[in-house]
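Visitor:
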Amino acid sequence: MVSLQWYVWLSLTLFMVGVFGFLTRRNIIMMFLSIEIMLNAVNLSLVSFSHFLNDLRGNIIVFFVITVAAAEAAIGLAILIALFRNRASANVDELKEMKG
Amino acid sequence: MPDIGAQLWLLGPEIVLAVFAFGVILLDLVIKEKSVLAYLSIAAALFIMFTMFGRQGTAFGGMFLADGYGLFFNFIFLTSLCLSILVSLKYLPVERINFGEYYGLMLFATIGMMVMASAGDLIMVYLGLELMSLSVYVLAGFMRQSTRSNEAALKYFMLGAFASAFLLLGISFTYGLTGTTQISGVAQYIKDNGLAGNPVLAFTTILYVAAFGFKIAAVPFHMWAPDVYEGAPTPVTAFMSVGPKAAGFAVIGRVLTVALGPVSSEWTGLLIVLSILSMAVGNILAISQTNIKRMLAYSSIAHAGYALLGVIAGGPEGLASMMNYLLIYTFMNIGAFTVVTLLRTEGVKGEDLSDYEGLSKNHPLLSALMLLFMFSLTGIPPTAGFMGKFYLFVAAINAGYLWLTVIAVIMSAISAYFYLRVVMYMYMKEPGTVIPVQRSTAGRVALMFTGIAVLLIGVQPTGFIQMARSALAGFGI
Amino acid sequence: MNEILFGYLSFAILALSIAAITRKNPVHAVLLMIVMFFHLATMYLALGAEFLAAVQIMVYAGAIMVLFLFVVLVLNIREEEKGERFASGWPLGISLAAGLLILILIITDKVLTGRQGQFTQAVILQETHTKAIGKLLYTQYVFPFEVASLILLVAIVGAIVLAKKRLG
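Protein chains in written order, with this note's numbering: chain A, 1 to 100; chain B, 101 to 577; chain C, 578 to 745.
Here it is as structure tokens:
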């Protein structure tokens with residue numbers, strides 16, 4: 001029997017992998033993938049809490065998180081396509097239109 | 101389960117707005133004249149504004165709380181919705197983005213905010229926040245042919261999604277810690293089990309402050325604000341400098357002061373840091389801006405810092421002064437953005453500070469109103485901004501934060517420099533080229549309304565603060 | 578859950594996600610993510626959340642990642658492979674993330690308590706997970722469910738508004 005602690009630690013490590021990816025990668029798709037890793041880390045912690053608390057609320061939240069993640073992916077990629085039509089670059093360092 | 105009709109009655113404002121949002125999106129297919137959709141949206145908002153009050157109770161097992169607090173914030177959201185739509189009417193054709201979905205998304209964003217303000221459960225906080233944010237991301241990138249607008253949407257989206265992941269982590273740990281996500285249940289569990297000083301609880305508190313700090317654009321979570329405010333269509337900037345910010349504060353009021361109320365000492369310190377940094381960074385960086393939208397973005401960061409004073413002071417008095425300030429901020433900030441929008445005409449951007457040189461010679465009334473809004477944002481009597489700050493500072497002093505109030509007053513004095521610079525440009529410089537103004541009746545209506553509101557609240561300030569105080573009855577603090 | 582299974586799954590999840598975020602080619606990263614999602618789904622199964630395991634594979638691996646692949650291929654992002662993979666401050670980033678992680682791991686050392694609910698594994702097994710979730714979704718959680726439907730609608734409208742070619 002693996003204790004709850006290990007699940008929480010796994011989830012937090014996974015979350016930090018996502019944070020690291022978001023902070024260091026410059027490609028927008030990769031940054032977006034890092035956010036998906038973070039959401040999955042949260043989902044994992046919710047499912048394990050749910051399991052150890054004998055309560056389904058965590059599972060329900062995961063259901064909503066997955067829904068929102070799908071919506072977020074659609075909007076984010078649409079924004080990326082709109083940007084790409086105008087300038088053909090997926091590097092955040094080239095987002096320099098506005099400065100100050 | 102209690103009577104479903106009574107529960108739906110409590111949800112009335114949200115349901116009516118959702119129905120109108122569907123209607124707007126469907127009618128968009130058959131109606132060529134898009135202003136009809138705008139008037140329809142305004143009619144919906146006004147209808148709700150006049151019929152929503154008096155609802156009280158909880159619906160759907162505590163997921164939704166109808167109380168004075170939520171309704172007061174609904175009033176702020178609907179006001180900013182109406183004003184932003186009025187401002188958009190002539191702006192959209194100029195930018196060639198006159199599409200009906202614009203109004204639909206505005207309505208959906210407002211529903212999201214209303215859900216946030218009335219959330220009784222952290223799930224609803226998250227879902228409302230996402231509904232609002234996703235709509236506003238799209239609105240920020242609505243000028244698809246403009247690279248600046250695309251960039252604004254992308255930056256807002258990336259950082260917003262990043263911040264909401266932190267919010268989710270906070271919700272997850274709150275759930276693990278207390279076994280519930282219901283806001284009142286969390287508070288009860290913390291109180292019953294003496295969780296004060298629990299390191300995990302402190303950790304979730306930091307996550308909440310970061311996630312909500314992002315939504316209200318408080319330093320150090322403000323990096324997105326200047327770029328997004330500058331790149332987004334101006335009426336959308338006006339809308340998101342007020343609506344999502346107020347929604348963020350509404351959620352701070354629910355989650356921090358109610359759910360985490362028993363451990364308030366743990367987050368007050370964080371908010372004090374946020375507040376001081378926001379006031380300092382916002383006001384000081386605003387000085388060097390030459391783009392008026394960017395300047396107002398830094399100003400909105402600073403105003404988040406002022407409004408945080410109310411939350412820090414806490415109690416009914418502090419929260420009421422915060423709510424009152426956000427309402428006043430709605431009027432004065434949208435007013436200022438209306439002037440900026442009216443200067444955008446065919447071929448003229450009208451966003452640069454130099455465009456305001458000698459504006460009073462050609463457009464005396466517009467300049468006078470801009471002067472009023474700038475005075476109000478600075479906090480000079482007899483405008484509403486002064487009264488708003490006055491109540492905030494009194495609440496902070498009464499709660500024992502005299503030193504914080506002194507900092508806020510000093511920062512307000514610094515802010516006079518860049519607000520009054522706009523006035524100086526308008527009145528003391530010679531006009532270069534004549535800047536035309538949009539011939540927009542709707543824009544003028546919005547301008548008159550905000551101008552009158554700013555003056556009226558300045559002279560007769562007790563009405564709204566009383567309303568805010570009575571709204572907090574039964575809030576649970 | 579069995580220790581060996583947990584050990585394998587957690588190792589695979591971490592290794593795959595680290596591999597995914599360090600790839601130069603986004604297509605490889607997306608494919609690694611899909612494998613990672615399968616491992617996560619297995620973990621959900623082991624935790625008794627069979628419905629979520631199915632949703633994880635169908636929505637995450639099946640829909641979201643395929644959408645990513647589409648966009649990566651449509652946009653044909655090539656210049657990434659020439660440029661620097663990481664921002665110049667990546668050592669700072671990794672030390673920040675690692676430091677934060679250690680801090681959090683220390684503070685989460687057995688402090689998670691929480692009130693016990695009524696859905697023990699026996700109850701869920703008897704009723705089946707999907708049925709239990711479904712019942713809750715359409716009773717207690719019907720309001721968030723409706724709001725989630727609005728979010729999906731906004732996503733549809735927003736994606737079309739932003740990405741559709743339109744004569745200005």
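Beta carbons are placed, not taken as given, at the ideal position from N, Cα and C, and that holds for glycine.
Identify the continuous alpha helix (DSSP H) that holds Ala302/B and give its terminal residues.
Guide: Per DSSP, Ala302/B belongs to the alpha helix (DSSP H) from Pro299 to Lys315.
Visitor: Taking 8 Å as the CB-CB limit, is Arg25/A close to chain C?
Guide: By this cut-off, Arg25/A is an interface position.
Visitor: Do you know offhand how far Ile148/B's Cα is from Leu442/B's?
Guide: Cα to Cα, the separation comes out at about 28 Å.
Visitor: Is Ser272/B close to chain A, meaning its C-beta is less than 8 Å from at least one C-beta of that chain?
Guide: At least one chain A Cβ lies under 8 Å of Ser272/B.
Visitor: Within 8 Å, do at least three Cβ pairs link the stretch 419-436 of chain B to the stretch 291-307 of chain B?
Guide: Contact fails: fewer than three Cβ-Cβ distances are below 8 Å.
Visitor: Between which two residues does the alpha helix (DSSP H) harbouring Thr158/B extend?
Guide: That residue, Thr158/B, is in no alpha helix (DSSP H); its beta strand (DSSP E) goes Gly157 to Ala159.
Visitor: Compute the distance between the beta-carbons of Met214/B and Glu366/B, then report whether it is under 8 Å.
Guide: Not a contact, by the Cβ cut-off of 8 Å.
Visitor: Below 8 Å between beta carbons: does that hold for Arg444/B and Val194/B?
Guide: The answer is yes: Cβ separation under 8 Å.
Visitor: Can you check whether the CB of Leu374/B is closer than 8 Å to the CB of Leu87/B?
Guide: Because chain B spans 101 through 577 in this model, residue 87/B falls outside it and cannot be assessed.
Visitor: Please report how far the alpha carbon of Leu189/B lies from the alpha carbon of Thr334/B, in whole angstroms.
Guide: The alpha-carbon atoms of Leu189/B and Thr334/B are separated by roughly 12 Å.
Visitor: Just how far apart, CA to CA, sit Leu677/C and Thr151/B?
Guide: Distance between the alpha carbons of Leu677/C and Thr151/B is about 49 Å.
Visitor: Under three-state DSSP, which class holds Asn602/C?
Guide: Asn602/C: coil per DSSP, three-state reduction.
Visitor: When you compare the stretch 489-496 of chain B with the stretch 543-553 of chain B, are there three or more beta-carbon pairs, one atom per stretch, that lie closer than 8 Å?
Guide: In short, these stretches do not touch, since the Cβ pair count stays below three.
Visitor: Tell me where the beta strand (DSSP E) around Pro166/B begins and ends.
Guide: According to the sequence provided, residue 166/B is Ala. The question's Pro does not apply to it. Where Ala166/B is concerned, the enclosing beta strand (DSSP E) stretches over Phe164 to Ala166.
Visitor: When DSSP labels each residue in this structure, what does Arg25/A get in the three-state scheme?
Guide: DSSP places Arg25/A in strand when its eight states are reduced to three.
Visitor: Measuring CA to CA, which of Asn27/A, Asn40/A and Ile28/A is closest to Met610/C?
Guide: Among Asn27/A, Asn40/A and Ile28/A, the Cα nearest to that of Met610/C belongs to Asn40/A.
Visitor: Rounded to whole angstroms, what is the Cα-Cα separation between Ser388/B and Met232/B?
Guide: If you take the alpha carbons of Ser388/B and Met232/B, they lie about 31 Å apart.
Visitor: So Val747/C packs on Ala70/A, CB below 8 Å; how close in whole Å?
Guide: As shown, chain C starts at 578 and ends at 745. That puts residue 747/C outside it, with no answer to give.
Visitor: What is the residue span of the alpha helix (DSSP H) that Asn59/A lies within?
Guide: Looking at the DSSP string, the run of the alpha helix (DSSP H) that includes Asn59/A is Arg57 to Arg87.
Visitor: Across the stretch 173-191 of chain B and the stretch 336-348 of chain B, are there enough close Cβ pairs to call them in contact, namely three or more that are closer than 8 Å?
Guide: With the cut-off at 8 Å, the stretch 173-191 of chain B and the stretch 336-348 of chain B touch.
Visitor: Beta-carbon separation of Val328/B and Ile392/B under 8 Å?
Guide: No, they are not a contact pair.
Visitor: Tell me, please, which residues DSSP counts as bridged to Asn391/B.
Guide: According to DSSP, Asn391/B bridges with Asp452/B.
Visitor: Looking at the structure shown, is Gly745/C part of a helix, part of a strand, or coil, going by DSSP?
Guide: Low confidence applies here, because Gly745/C scores a pLDDT of 46, under 50, leaving its location unreliable and the question unanswered by this model.
Visitor: Quick check on the burial criterion: 16 or more other C-beta atoms within 10 angstroms. Buried or exposed for Gln107/B?
Guide: Result: buried.
Visitor: Answer yes or no: does any C-beta atom of chain C fall closer than 8 Å to that of Asn86/A?
Guide: For Asn86/A, the answer is no, since every Cβ of chain C falls outside 8 Å of its Cβ.
Visitor: Assign Asp128/B to one of three DSSP states: helix, strand, or coil.
Guide: Reduced to three states, the DSSP call for Asp128/B is coil.
Visitor: Among Thr478/B, Asn462/B, Leu471/B and Gly485/B, which one has its Cα closest to the Cα of Val537/B?
Guide: For the residues Thr478/B, Asn462/B, Leu471/B and Gly485/B, the minimum Cα distance to Val537/B belongs to Asn462/B.
Visitor: When you measure from the CB of Leu111/B to every non-hydrogen atom of the ligand PLP, does any distance come out below 7 Å?
Guide: By its list of ligands, the structure shown contains no ligand whatsoever, and the ligand PLP lies outside what it can speak to.
Visitor: Could you tell me whether the stretch 279-290 of chain B touches the stretch 352-364 of chain B, using the rule of 3 or more Cβ pairs below 8 Å?
Guide: Cβ pair count under 8 Å is three or more, so yes.
Visitor: Using a cut-off of 7 Å between C-beta atoms, extract the partners of Gln693/C located in chain A.
Guide: Per Cβ cutoff of 7 Å: Leu53 and Asn54.
Visitor: Which residue from Ala596/C, Phe614/C and Phe615/C puts its Cα closest to that of Ala606/C?
Guide: Nearest C-alpha to Ala606/C: Ala596/C.
Visitor: Identify the continuous alpha helix (DSSP H) that holds Asp327/B and give its terminal residues.
Guide: It spans Trp324 to Gly331 - the alpha helix (DSSP H) in which Asp327/B sits, taken as one unbroken run.
Visitor: Pick out whichever of Arg26/A, Ala78/A and Glu72/A has its Cα sitting closest to the Cα of Leu727/C.
Guide: Nearest option by C-alpha distance: Glu72/A.
Visitor: Name the two residues that bound the continuous alpha helix (DSSP H) containing Glu627/C.
Guide: Per DSSP, Glu627/C belongs to the alpha helix (DSSP H) from Glu627 to Val632.
Visitor: Which two residues bound the contiguous alpha helix (DSSP H) that contains Phe645/C?
Guide: Element bounds for Phe645/C: Met642 to Leu652.
Visitor: Alpha carbon to alpha carbon, how far is Thr716/C from Asp616/B? Give it in angstroms, no decimals.
Guide: Nothing can be reported for residue 616/B: it is not among the residues displayed for chain B, which extend from 101 to 577.
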